[in-house]
Amino acid sequence: MALNTLEFECKAEAASVRLAAPVHYGVVGSGDLEVILEPRDLEGAVTVKITTPVAGFDAVWRKVLETFVNRAKLADVAIDINDNNASPAVVSMRLQQAFAETAA
Amino acid sequence: MANWSKLQTRSFLESSARDRAIGLVDEGTFTELAGPFDRMSSPHLVALGEAVEFDDGVVTGVGRIGKRPVFVISQEGRFIGGAVGEVGGAKMVTTIDLAIGFADELRAANPKIAPDELPLVAISFETGGVRLHESNAGLLAHAEVMDAFQRARGKVPVVALIGSRIGCFGGMGFVAAATDVIVMSEFGRLGLTGPEVIEEEMGKDEFDASNRALVYRTTGGRHKYIMGDCNFLVDDRIAAFRGQVTELCKLPVGDFEQFRRIGSAALVEKQMRAVALAAEMQPKDAYDVWRRAGNNDPAGLGDAPVDDFRKQAQRLSV
Numbered sequence: 001m002a003l004n005t006l007e008f009e010c011k012a013e014a015a016s017v018r019l020a021a022p023v024h025y026g027v028v029g030s031g032d033l034e035v036i037l038e039p040r041d042l043e044g045a046v047t048v049k050i051t052t053p054v055a056g057f058d059a060v061w062r063k064v065l066e067t068f069v070n071r072a073k074l075a076d077v078a079i080d081i082n083d084n085n086a087s088p089a090v091v092s093m094r095l096q097q098a099f100a101e102t103a104a
Numbered sequence: 001m002a003n004w005s006k007l008q009t010r011s012f013l014e015s016s017a018r019d020r021a022i023g024l025v026d027e028g029t030f031t032e033l034a035g036p037f038d039r040m041s042s043p044h045l046v047a048l049g050e051a052v053e054f055d056d057g058v059v060t061g062v063g064r065i066g067k068r069p070v071f072v073i074s075q076e077g078r079f080i081g082g083a084v085g086e087v088g089g090a091k092m093v094t095t096i097d098l099a100i101g102f103a104d105e106l107r108a109a110n111p112k113i114a115p116d117e118l119p120l121v122a123i124s125f126e127t128g129g130v131r132l133h134e135s136n137a138g139l140l141a142h143a144e145v146m147d148a149f150q151r152a153r154g155k156v157p158v159v160a161l162i163g164s165r166i167g168c169f170g171g172m173g174f175v176a177a178a179t180d181v182i183v184m185s186e187f188g189r190l191g192l193t194g195p196e197v198i199e200e201e202m203g204k205d206e207f208d209a210s211n212r213a214l215v216y217r218t219t220g221g222r223h224k225y226i227m228g229d230c231n232f233l234v235d236d237r238i239a240a241f242r243g244q245v246t247e248l249c250k251l252p253v254g255d256f257e258q259f260r261r262i263g264s265a266a267l268v269e270k271q272m273r274a275v276a277l278a279a280e281m282q283p284k285d286a287y288d289v290w291r292r293a294g295n296n297d298p299a300g301l302g303d304a305p306v307d308d309f310r311k312q313a314q315r316l317s318v
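Going down the list, the protein sequences come from chains A and B.
If you read the first sequence in UniProt numbering, its first letter stands for residue 1, the second for the next number, and so on.
If you read the second sequence in UniProt numbering, its first letter stands for residue 1, the second for the next number, and so on.
So, in structure tokens, the structure goes:
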């Protein structure tokens, strides 16, 4: 029972939004997660790294992250997540909250 | 980042470790050290397949209150109940040592430096104590923090702030007791063995952990204030905790000795008198002790608004 690390890359269809500064949001409570969004030169792509005790939901993670990246039109961002059994809805919400923090 | 002015009116109880840290010091002065972007997670939790946090559940940094550099340590209860492991413990120790080192430097550079320009350490406790996953490393972290308090004594005041959801229990209850001064809200709880553990070990007849009123009048801020286990009882707002720390910031380090509960032969004597009193009284409830302290209507006092409580409460003297 090791901690799982999931890494992949995605690209928003209309990638145009870049971050001015890195942001950290959330606490790794039970059923919750924290996320770091950092600007990084990735030729328009977004890299994702997820550290989680959960196994077997790789496809769901990918879907949730791709949806977020597409909606936010993110480009050149490294996303780093520490998860503790958050549901896809919570993951989605925290990502949006973190993104909202960058605009604040 | 959270809006500082809004943080001031926020409930301390409901605030995250980071918001408490930012709101405690002057606006815009908080600089986080070894923060989430440094990604100092626990290697032990990784090995066990347990979720990790980038800051290992402890926010550390430095800010200012007036002219005074304030080194802040703030524990996050939502991450494994604020339990302290090796990395979080090392962050605590390093922060205290930074404060001591800075105090030494400032004194060396200017022997006539004003007392309110020298560093102070403020620790916002929210923890159940040792992170059991890290066993000896977690225990050692507790000992190292206490050791750092000894190094700080007479050089840098250490202030404990307790008013968060998890309270301050287990080994960290000892650690909090070893600080110079303790500030609590009525929602803060302080103790060694937490209510659930007492019930588990001794049975529901001994202590019913589901009885919130019982839990609070035994471990909560009001009781600790009457017992002398906490020095100041403040409202449940970040601004109220900040206000009390601001007052303390005006004092030279020598003045903090008067607030201590342990650390001298006289204080040991006093603790022993309290133990003797408990043996003599055999109290069945915290209110028995409140009455003994001179509070004729303990239940009324317990239910009174906290402002009235502060005005009326008689504190136990032994």
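For each residue, glycine too, the CB sits at the ideal point set by N, CA and C.
Below-9 Å beta-carbon distance, Thr47(A) vs any chain C residue: Here chain C cannot be found, since the structure's protein chains are A and B.
According to DSSP, residues forming a beta bridge with Val70(B): Gly63(B), Leu120(B)
Alpha-carbon spacing of Ser264(B) relative to Gly89(B), whole angstroms: 26 Å
Buried or exposed by the 16-neighbour rule on C-beta atoms within 10 Å, applied to Ala137(B): buried
Cβ-based neighbour list, Arg18(A), same chain, cut-off 7 Å, excluding 5 preceding and 5 following: Pro39, Ala75, Asp76
C-beta neighbour in chain A for Ala137(B), strict 9 Å: no
Contacts around Leu214(B), its chain only, beta-carbon distance under 7 Å, and the 5 residues preceding and following it disregarded: Asp208
Under 8 Å by beta carbon: chain B residues contacting residue 151(A): An answer regarding residue 151(A) cannot be provided, because it is not within the stretch 1 to 104 covered by chain A.
Residue burial classification, Gln244(B) (beta-carbon count within 10 angstroms, cutoff 16): buried
Beta-carbon gap between Ala12(A) and Lys73(A) smaller than 9 Å: yes
Residues bridged to Gly26(A) (per DSSP): Glu34(A)
Residues in the region 5 to 36 of chain B having any Cβ partner in chain A nearer than 7 Å: Ser16, Pro36
Between the CA atoms of Ala14(A) and Leu24(B) - distance to the nearest angstrom: 42 Å
With 16 other Cβ atoms within 10 Å as the buried cut-off, status of Met281(B): exposed
Chain-ordered chain A contacts of Glu76(B) [CB-CB under 8 Å]: Val27
Bridge partners - Gly220(B), DSSP secondary structure assignment: Arg189(B)
Rounded Cβ spacing between Thr60(B) and Ala34(B) (contact assumed at less than 8 Å): 6 Å
Arg315(B) beta carbon less than 9 Å from that of Ile226(B): yes
Reduced DSSP category for Pro88(A) - H, G, I as helix; E, B as strand; rest coil: helix
Per-residue contacts from Phe79(B) into chain A (C-beta, under 7 Å): Val27, Val28, Gly29
Cβ contact (3+ pairs, closer than 8 Å) linking the region 76 to 90 of chain A and the region 7 to 15 of chain B: no
Residues bridged to Leu161(B) (per DSSP): Ser124(B), Val183(B)
C-beta contact flag for Asn231(B) and Val183(B) at 9 Å: yes
Thr29(B) in three-state terms, based on DSSP: coil
Which of helix, strand or coil DSSP assigns to Cys168(B): strand
Chain B contact residues for Leu3(A), given Cβ-Cβ distances below 9 Å: Leu45, Val46, Ala47, Leu48, Gly49, Glu50, Ala51, Val52
Exposed unless 16 or more other CB atoms sit within 10 angstroms - verdict on Glu199(B): buried
Close Cβ partners of Ala148(B) (< 7 Å) along its chain, the five nearest in sequence each way excluded: Val93, Ile96, Asp97
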